[in-house]
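To convert, count from 1 in the sequence shown and add 92; that's the working numbering.
Just below is one structure, and these are the notes that go with it.
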Amino acid sequence: MTEPSTQQPRQSPPPPAGSGGTVPLDSTAQLLTRITAQLGTQLSLVSRNGTRRPMHRTRPSEALRPSDTLRPSAAPRPPDAPRSPGTPTLLVVAHGSRDPQALRTVLALLDRVRDLRPGLDVRLGHIELNRPLLPDTLDGLRGADAVLVPLLLGRGHHVKHDLPAAAAAAPAVRTRVAAPLGPHPLLVEALYGRLVEAGWDPADRGSRSAAVVLAAAGSRDPDSAQDTRRTARMLAERLGVPVVPAYASAATPTVPAALRALAARGRHRTFVASYFTAPGRFASAAAGAAPRTAALPLGAHPAMARLLLHRYDQALSATARSGGVSLLASA
93 MTEPSTQQPR QSPPPPAGSG GTVPLDSTAQ LLTRITAQLG TQLSLVSRNG
143 TRRPMHRTRP SEALRPSDTL RPSAAPRPPD APRSPGTPTL LVVAHGSRDP
193 QALRTVLALL DRVRDLRPGL DVRLGHIELN RPLLPDTLDG LRGADAVLVP
243 LLLGRGHHVK HDLPAAAAAA PAVRTRVAAP LGPHPLLVEA LYGRLVEAGW
293 DPADRGSRSA AVVLAAAGSR DPDSAQDTRR TARMLAERLG VPVVPAYASA
343 ATPTVPAALR ALAARGRHRT FVASYFTAPG RFASAAAGAA PRTAALPLGA
393 HPAMARLLLH RYDQALSATA RSGGVSLLAS A
């Protein structure tokens, strides 16, 4: 086989209009170039599991840079992968944030969920501040079944009141409301991973000078505080050092107060674990109080994607056992 010539083939000018002549065909090299470019474009739209990813929603970088912003009004669209007929939609309900990175983070998490379960219709709705809002997403599911899985960490007002109210206001959608994400061992796995990324040394287990503050949003609901304390105990068992829950609002102690209390007990090597699902005002305030680098929010950690699917499956299983609508499936 001879090597192709590097000299570009000479092309004839196109025939004048109305001459009745034919337009010359592209050269072999030109055709190959065009085919290669088209293949490259199509392959860039294929995810790791072999399903087609829409052009507008390629996976963002795992490490979200401050310059990586997404318009808060941008609403994710359902994936083009084939969906299992009769399978309820997984509708992830996020709180919403004015921080532009929050929506990017949630979209990255939903992409992880789709990668884990190809063919499942996964959609997003926000309680406030971001589009799509939950009522709008429900309106687009008329006549369908959906499981509302809160991207929330405890049994606060949003989980107990806002989500059931939104479901009741959408009678054209057959809905189930799953339990909040916490407490659960998969949350502890994600918290541990984020702490290690921030510099936590597993060798500190049993150290008399190390400790962790679990920084949470806070709620006036006693069940929410109980859920946070339970997560703190589970994380303490994993780390082998004290873990003190602290709050950005509505509850005490605050993160700075918890850090001072630990220092008074001789715990000077303290880390702040970010018990938030995505970046936002409270997460930034907690990180600002940390004596060293604070852990990142839970975000698109792989354990979070697995936990969303676990809550989805739990809600379906509870409904199958009861033969009716399931609200807040048990942990």
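Ideal Cβ placement from N, Cα and C applies to all residues, glycine included.
Jot down the residue ranges of each uninterrupted beta strand (DSSP E) in the region 185-235, minimum 3 residues, whole runs only, in chain order.
Listed in chain order, they are 214-218.
Could you give the first and the last residue of the continuous alpha helix (DSSP H) run that contains L327?
Here the alpha helix (DSSP H) through L327 covers 314-331.
Taking its Cβ as the centre, do 16 or more other Cβ atoms sit within 10 Å of R247, making it buried, or is it exposed?
buried
With a threshold of 8 Å, are at least 3 pairs of Cβ atoms found where one atom belongs to the region 223-233 and the other to the region 285-297?
no
Can you give the beta carbon distance from L212 to L182, rounded, assuming they're within the 8 Å contact cut?
The beta carbons of L212 and L182 sit about 6 Å from each other, so the pair counts as a contact at 8 Å.
Taking R206 as the reference, which of E329, A307, V184 has the closest Cα?
V184
Have a look at V251, R413, L199, D191 and flag the residue whose alpha-carbon is nearest the alpha-carbon of V269.
V251
By Cβ distance, which residues of its chain are closer than 6 Å to R403, with the 5 residues on each side in sequence left out?
V241, A270, A271
Who are the Cβ neighbours of P337 in its own chain at under 7 Å, not counting the five residues just before and after it?
L306, A308, T320, R321, A324
Three or more C-beta pairs closer than 8 Å, one from the region 361-368 and one from the region 392-402: is that the case here?
In short, these stretches do not touch, since the Cβ pair count stays below three.
For P275, which of A260, A259, L327, A303 has the nearest alpha-carbon?
L327
When we look at the beta-carbon of G178 and count the other beta-carbons within 10 Å, is it buried (16 or more) or exposed?
exposed
Which residues in the same chain as A264 place their Cβ atom closer than 7 Å to its Cβ, once the five residues preceding and following it in sequence are excluded?
If you ignore the 5 residues before and after A264, its C-beta comes within less than 7 Å of the C-beta of R234, G235, all in its own chain and listed in chain order.
Alpha carbon to alpha carbon, how far is L202 from P277?
20 Å
Can you name, in chain order, every residue of its own chain whose Cβ lies under 6 Å from the Cβ of D237, other than the five neighbours on each side?
P180, R266
Buried or exposed for R312, please, with buried defined as at least 16 other CB atoms from any protein chain shown within 10 angstroms of its CB.
Under this definition R312 is an exposed residue.
Answer yes or no: do A381 and V347 have a C-beta to C-beta separation smaller than 8 Å?
Pairing A381 with V347 gives a Cβ-Cβ distance under 8 Å.
Beta-carbon within less than 6 Å of A395's beta-carbon, same chain only, minus the 5 sequence neighbours each way: which residues are those?
Taking A395 as the centre and dropping the five residues before and after it, the same chain places the C-beta of L278, E281, A282 closer than 6 Å to its C-beta, in chain order.
Throw me the rounded Cβ distance for the A377 and G391 pair, which I believe falls under 8 Å.
Not really, about 17 Å apart at Cβ, beyond 8 Å.
Whole angstroms are fine: how far does the CA of T344 sit from the CA of D315?
15 Å
Excluding the 5 residues preceding and the 5 following A387 in the sequence, name in chain order all residues of the same chain whose CB lies nearer than 6 Å to its CB.
R286, L287, A290, A365, S366
For L225, which residues of its own chain have a beta-carbon under 6 Å away from its beta-carbon, when the five flanking residues on both sides are left out?
H218
Here's the rule: buried if 16 or more other CB atoms are within 10 angstroms of the residue's CB, otherwise exposed. What is R196?
Buried: at least 16 other Cβ atoms inside 10 Å.
Alpha carbon to alpha carbon, how far is A356 from P227? Give it in angstroms, no decimals.
48 Å
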